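Everything below concerns the one structure shown next.
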Amino acid sequence: MKRRLVAASLICLVACDHRPADPARSGATESASSAAPASSAEAPSPAVLKWNEFKAKAGFDEATPEEQGLIWEIYRDQFLPTIAADQGDTVDEMTRRFEAQVPRPTQGDAGGERFLGSRCTRDCTGHEAGYYWAADNDISDPDDCTGDSQAFVEGCQEYAEERRESSSNLEH
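First residue of the sequence shown? That's 1 in the working numbering, and the numbers climb one at a time after it.
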């Protein structure tokens, strides 16, 4: 639940200022960027420059390692597609370049990343998939969570338990 609230807050915070670039207003920036070297190793891409603005607005440096990972994911998944479209680039290419220049923040836990209450093996994509599948399928009983992946099942169970707790709290 906290993860969704943080994500929604970040998207609202930045979306208010996220407007497509206006070439008429950014003539100086456009001419300066066209004179910059083409190599991504020498000059940061537009996505990286906008990432710096985004992370400042999102309070990235003051966030916990888990929140930093979430902020990074929100930028990559929600904002890079718009930047790619503005730049006339594919989302996959823009994402590849962004991830090469700005690696995903580590979670800081020597035992690996965590998704809500579960420890992840490598990354938390399996847990996230199970969690969002449960949300999409209105799962409220952890026993209804099945699958070939333990991570998927744990993510589904996390959602079902959250839902059970919130409905229990509403009854009291």
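Backbone N, C-alpha and C define an ideal beta-carbon position, used for all residues, glycine too.
Remember, predicted model here, so these are calculated numbers, not experimental data.
Going by DSSP in three states, Ala156 sits in which element: helix, strand or coil? The residue you call residue 156 lines up with position 156 of the sequence shown. One detail in the question is off: residue 156 reads as Cys in this sequence, not Ala. Cys156: helix per DSSP, three-state reduction.
Please list the segments of the alpha helix (DSSP H) lying wholly inside the segment 70-110, counting only runs of 4 or more residues, in order along the chain. 80-87, 91-101
Cα-Cα separation between Gln68 and Asp143, rounded to whole angstroms: Here residue 68 is taken as the residue at index 68 of the sequence shown, counted from 1. Here residue 143 is taken as the residue at index 143 of the sequence shown, counted from 1. Distance between the alpha carbons of Gln68 and Asp143 is about 32 Å.
Buried or exposed: Leu70, going by 16 or more other Cβ atoms within 10 Å of its Cβ? Along the sequence shown, one-based indexing puts residue 70 at 70. Counting Cβ neighbours within 10 Å, Leu70 comes out buried, since at least 16 surround it.
Since Phe54 is in the alpha helix (DSSP H), which residue starts that stretch and which ends it? Here residue 54 is taken as the residue at index 54 of the sequence shown, counted from 1. Where Phe54 is concerned, the enclosing alpha helix (DSSP H) stretches over 46-58.
Can you give the beta carbon distance from Ala135 to Cys145, rounded, assuming they're within the 8 Å contact cut? Reading the sequence shown from its first residue, position 135 is the one you call residue 135. Reading the sequence shown from its first residue, position 145 is the one you call residue 145. 12 Å between Cβ atoms; not a contact.
Roughly how many angstroms lie between the CA atoms of Thr64 and Ala85, to the nearest whole one? Numbered from its first residue, the sequence shown carries residue 64 at position 64. Numbered from its first residue, the sequence shown carries residue 85 at position 85. Each residue's alpha carbon lies about 31 Å from the other.
Classify Thr125 as helix, strand or coil using the three-state DSSP reduction. The residue given as residue 125 occupies position 125 in the sequence shown. Of the three classes helix, strand and coil, the one that applies to Thr125 here is helix, per DSSP.
Just to check my reading of the structure: Glu165 and His127 have Cβ atoms closer than 8 Å, yes? What is that Cβ distance to the nearest angstrom? Here the question's residue 165 lines up with position 165 in the sequence shown. Here the question's residue 127 lines up with position 127 in the sequence shown. Wrong, their Cβ atoms sit about 18 Å apart, outside the cutoff.
Ser140: which of Ser167, Glu66, Thr106 sits nearest, CA to CA? Taking the sequence shown and counting its residues from 1, the one referred to as residue 140 is at position 140. Selected option, being the one with the closest Cα: Ser167.
Enumerate in chain order the residues of its own chain whose CB-to-CB distance from Ser40 is below 8 Å, with the five nearest sequence positions on each side excluded. If you number the sequence shown from 1, residue 40 lands on position 40. In this prediction, Ser40 has a pLDDT of 40, which is less than 50 and means its spatial position is unreliable; what the coordinates show is noted afterwards. Correct list, in chain order: Arg97, Ala100, Gln101.
Can you give me the C-alpha to C-alpha distance between Trp133 and Ile74, rounded to a whole angstrom? On the sequence shown, residue 133 is found 133 positions in, with the first residue counted as 1. On the sequence shown, residue 74 is found 74 positions in, with the first residue counted as 1. Distance between the alpha carbons of Trp133 and Ile74: 19 Å.
Neighbourhood of Ile83 by C-beta distance below 7 Å, restricted to the same chain and skipping five residues each side: Counting from 1 along the sequence shown, the entry for residue 83 is found at position 83. Answer for Ile83: Pro46, Ala47, Lys50, Met94, listed in chain order.
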